[in-house]
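A.B. asks: If you read the sequences in order, they're chains R and C.
Using the numbering used here, the first residue of the first sequence is number 31, and each one after it goes up by one.
Using the numbering used here, the first residue of the second sequence is number 174, and each one after it goes up by one.
Before I ask anything, let me first share the structure, which is written out below as C-alpha cells.
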Amino acid sequence: MTGTVPRRPRFRIQPYIEFAKKAMAREGTYRFDVFTTVGSFVVRLYLLRMVWTALYAHNAAPVDLSRHEIITYSAVALLMGIVMDIDQTRALHDKLHDGSIATDFMKPIIVPLYFFADGTGEVLFHAALLIPSILIALLIFNIIVPPPMVLAAFFVSFLLGYLVGFFLNFILNCTAFWTLEISAVQLIVTWLTDLLGGELIPLILFPAFLQQFIYALPFAAMFSTPLLIYVRQIPPARYLEVMGLQVAWIVVLGIVSTVMWRAGARRVVVQGG
Amino acid sequence: MPIIEAIDLRKVFRRIVRQPGIGGAIGALFSREYEDKVAVDDVSFSLAEGELVGYLGPNGAGKSTTIKMLTGILVPTSGVLRVAGLVPYQRRQENAQNIGVVFGQRSQLYWDLPLRESFELLRSIYDVPLNRYQENMRHFAEILDLERFLDTPVRQLSLGERMRGDFAAAMLHDPKIVYLDEPTIGLDVVAKEAIRVFIAQINRERGTTVILTTHDLADVERLTPRIVLIDHGKVIYDGALERLRTEYGTHRVLVVTTVDPVPDDFAVPGAEVESREPYVVRLGFDRRTLTAEALIRRVLERYAISDVSIIEPDIDTIVRRIYLEGYQQNAVGAPS
C-alpha cells in the first residue's frame with residue numbers, strides 16, 4: 031500500500047460533550063427510575079442499619095468504627111453504588127453484538143472516547159437523581175458529614191474510583207470483540223466488586239491476611255478508598271499514598287484498555303467483525 | 174483524476190474451521206484450522222467526480238466488503254485504494270469527513286432520540302457551519318418531507334421515514350462521496366421513488382459521487398447509465414447498462430397466437446418452443462442468428478396465425494442469467 035503517514039485531524043471536544051448530553055437526554059426518557067432509585071436506597075439502607083445495629087448490640091463490632099459511622103459508611107456506599115454500578119460502556123458490547131459498531135467507525139470520531147462520553151453522560155444523569163436520596167440520608171438517617179477538607183478528598187477519590195470502574199467495565203466489554211458474550215464474566219466481576227470492593231462490608235473488618243490480598247486488587251480502589259476517607263479511617267497523611275494507588279490502577283487499567291481496544295479494533299478491521 | 178480508484182483490490186478473510194457439534198466446538202479450542210475465504214478478488218474500478226455507478230452482484234458477491242474497505246473500516250489484504258486522495262483505512266477519520274453512508278439494513282440515527290436531535294449531533298460530529306446546516310436541513314426537509322416526524326424518536330418511525338432520515342443524515346455535511354448500500358430494501362413503491370428522486374437530485378445538483386449497491390434493478394435503470402457487476406469477488410462487467418442489454422440480452426421471445434389449436438409437433442427452424450398453450454406458443458430465439466422478421470416469415474410459411482408479439486429481455490432476466498450461468502466473455506465482448 032502507499033506509504034502515507036497516518037495523521038489525525040484537528041481534535042474537537044464539542045462532539046463528545048454532545049454525546050454526553052444526548053446520553054443524559056436518553057436516560058431522561060426513563061423517568062420512573064427516580065422513584066425506584068430512591069425506594070430501593072431507603073429499603074436497603076434501612077436493612078443494613080438493622081444488621082449493623084444487631085451486630086453492634088452483640089459487641090461483634092470493631093473497636094474503632096462506631097455504629098453511627100458504619101451506618102454512614104453503608105449509606106455513602108449505597109449512594110456511590112447508584113452511579114458506580116452502571117455499566118457505562120454496555121453500548122460497546124451491544125454494538126459489537128449486533129454489528130452496529132461499524133457505523134461508529136464510519137464517523138470522524140475517536141470511537142473509545144465516544145463510549146467514554148456516552149457513559150459519563152449516563153452516569154451524570156443518574157448522579158443528578160441522587161439528590162433526593164442524599165437528602166433522605168442526611169435528614170432521616172442523619173449520616174455524618176465530615177469537614178470540608180475530608181469531603182473534598184472524598185470527592186477526588188470518588189472520581190478516581192469512577193475512572194477505575196470505567197476502565198474495568200471497558201475491559202470487560204472489550205472482551206466482546208472475541209467472545210461476543212460476556213455476561214458470565216461480568217457477573218463474577220460484579221460479585222467480586224460487591225465483596226472485595228468494600229461496598230457491602232468495610233474492608234477493615236476483613237482478617238489481616240485477606241486484606242493484603244484484597245488491596246492488591248483494583249476493586250478496593252473503586253469503593254473502599256473513598257469510603258474510608260469519608261469515615262476518616264484513612265487519615266489525611268495517607269491521602270497521597272491511597273490516591274496514588276488509585277491513579278496507578280487507572281494507569282494500569284488504562285493501558286490494558288488501550289491494548290484490548292487496539293487489538294479488538296484491529297480484529298474488526300481485518301476480519302470484518 | 175478519478176475520485177475513487179481501486180486497483181487489484183483484494184480482501185481475504187481467515188476463518189476458523191470448526192467441525193459441527195459440541196465435539197467440534199471443544200476441538201476448536203485446541204487445534205485451529207484456518208480456511209481462507211476470498212471475499213474481494215482483485216477488483217479494479219475507478220470513478221470520476223460526480224459519477225453515479227450501480228454496484229451489483231448476488232448476495233455474498235463481495236459488495237459490502239468493498240464498501241467497507243472504501244469507508245476505511247476494513248483493511249484490504251492487498252491492492253491499492255484511494256478515495257478523494259486518501260487511503261481510507263490509514264486516514265479513517267479524515268476519510269469519514271469526505272463520505273456519507275446509508276445502509277438499508279442498519280440505521281446510523283440515534284435510536285432513542287428524536288430525529289432532529291440526531292441531526293444536531295451529526296452537525297457537531299462533522300463540524301458543519303450553522304448556516305450550512307440550516308440550509309441543508311431546510312432543503313432536505315422539503316424534498317424528503319421530514320417536517321412531520323422531525324420530533325419523533327427514531328425507534329417510532331416507519332421504515333420509509335427512517336430511511337429518509339438516514340439519507341438526510343448522510344448528506345448533512347455535504348460529503349463528496351456517498352455509499353448507498355441497498356438503500357431501497359423493504360420500501361414501498363412511493364418511498365422508493367422518493368429515495369430515487371433524492372439520489373438523482375444530490376448527484377445532479379451537488380455533483381456528489383454516488384456508489385449504489387442494490388438488488389432492485391429498477392433503481393439502477395432509473396438512476397445510472399453505468400454498472401459494475403461483481404460475482405464471487407470479481408468484477409465481471411463494468412460498463413453501460415444499455416450495452417449489457419443489447420449485447421448480452423440476445424435471447425428474445427416471439428409470442429405467436431395461432432388460428433388453429435397448436436399442434437404437438439409445432440416447430441420452426443432456428444427457434445425453440447419454450448411453452449405451449451392451446452392457441453399460444455412461445456418461441457425463444459437468438460437475436461444474433463435470427464431476426465424477428467425472418468422468424469415471423471418462417472412461422473407464417475408453416476402455420477396460420479392471428480397475432481404476434483416480441484418480448485425483449487428485461488434487465489432482471491439478463492442479470493439473473495449472468496448470476497446463474499456465469500458470465501461469458503464472448504457474449505458481451507471484453508469488459509471495458
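All C-beta atoms in this analysis are idealised placements derived from N, C-alpha and C, irrespective of residue type, glycine included.
1. Could you tell me the boundaries of the beta strand (DSSP E) in which residue 147 of chain C lies?
2. Whole angstroms are fine: how far does the CA of residue 368 of chain C sit from the CA of residue 255 of chain R?
3. By Cβ distance, which residues of its chain are closer than 7 Å to residue 227 of chain R, with the 5 residues on each side in sequence left out?
4. Could you pull out every residue in the same chain whose Cβ sits closer than 6 Å to the Cβ of residue 279 of chain R, ignoring the five residues on either side in sequence?
5. Between residue 241 of chain C and chain R, is the shortest Cβ-Cβ distance under 9 Å, so that the two count as touching?
6. Grouping DSSP H, G and I as helix and E and B as strand, with all else coil, what is residue 186 of chain C?
7. Entirely within the region 116–154 of chain R and at least 4 residues each: give me those alpha helix (DSSP H) ranges in chain order.
8. Since residue 294 of chain C meets chain R, which of its residues come closer than 7 Å, beta carbon to beta carbon?
9. Hey, could you find the ends of the beta strand (DSSP E) residue 231 of chain R is sitting in?
10. Please look up how many angstroms separate the CB atoms of residue 227 of chain C and residue 404 of chain C, rounded, as I've assumed it's under 8 Å.
11. For residue 424 of chain C, name the three-state secondary structure that DSSP assigns.
12. Considering residue 476 of chain C, what are the terminal residues of the beta strand (DSSP E) in which it resides?
13. What do you reckon, are the CB atoms on residue 261 of chain R and residue 112 of chain R nearer than 9 Å?
14. Within 10 angstroms of its Cβ, does residue 185 of chain R collect 16 or more other Cβ (buried), or is it exposed?
15. In the structure shown, what three-state DSSP assignment does residue 59 of chain R receive?
16. Whether or not the region 238–249 of chain C and the region 176–196 of chain C are in contact is what I'm after, with contact meaning three or more pairs of Cβ atoms, one per stretch, closer than 8 Å; do they touch?
17. Which residue from R:259, R:240, R:51 and R:201 puts its Cα closest to that of residue 288 of chain R?
18. Spatial neighbours of residue 486 of chain C within its chain, please: C-beta separation below 6 Å, excluding the five flanking residues on both sides.
19. Against chain R, with Cβ distances strictly below 9 Å, would residue 297 of chain C count as a contact?
20. Anyone know if the C-beta pair for residue 148 of chain R and residue 71 of chain R falls short of 9 Å?
21. Quickly, what does DSSP pair residue 287 of chain C with across the bridge? List them, please.
22. According to DSSP, is residue 179 of chain C part of a helix, a strand, or is it coil?
23. Does any residue of chain C bring its CB to less than 9 Å from the CB of residue 36 of chain R?
24. Output yes if chain R places a C-beta closer than 9 Å to the C-beta of residue 235 of chain C; else output no.
25. So what's residue 353 of chain C in DSSP terms, helix, strand or just coil?
26. Please state if the CB of residue 178 of chain C and the CB of residue 237 of chain C are separated by a distance shorter than 9 Å.
C.D. replies: According to the data block:
1. Outside the shown range of chain C (174 to 509) lies residue 147 of chain C, about which nothing can therefore be said.
2. 57 Å
3. 249, 250, 252, 253 and 254
4. 194, 248 and 251
5. yes
6. strand
7. The region 116–154 of chain R contains these whole alpha helix (DSSP H) runs: 120–128 and 131–135.
8. 48 and 52, listed in chain order.
9. Taken as a continuous stretch (DSSP letters only), residue 231 of chain R belongs to no beta strand (DSSP E), as it is neither H nor E.
10. About 14 Å separates the two Cβ atoms, so there is no contact after all.
11. strand
12. First-last for residue 476 of chain C: undefined, no H or E at that position.
13. Not closer than 9 Å, so no.
14. exposed
15. coil
16. yes
17. R:201
18. Result list for residue 486 of chain C: 422 and 424, in chain order.
19. yes
20. no
21. In the DSSP output, where bridge partners are listed per residue, residue 287 of chain C has C:326.
22. Residue 179 of chain C: strand per DSSP, three-state reduction.
23. For residue 36 of chain R, the predicted model reports a pLDDT of 47, less than 50, meaning its position is unreliable; a value from the coordinates is still stated below. Yes, because at least one Cβ of chain C sits closer than 9 Å to the Cβ of residue 36 of chain R.
24. Taking 9 Å as the threshold, the shortest C-beta distance from residue 235 of chain C to chain R does not fall below it.
25. strand
26. no
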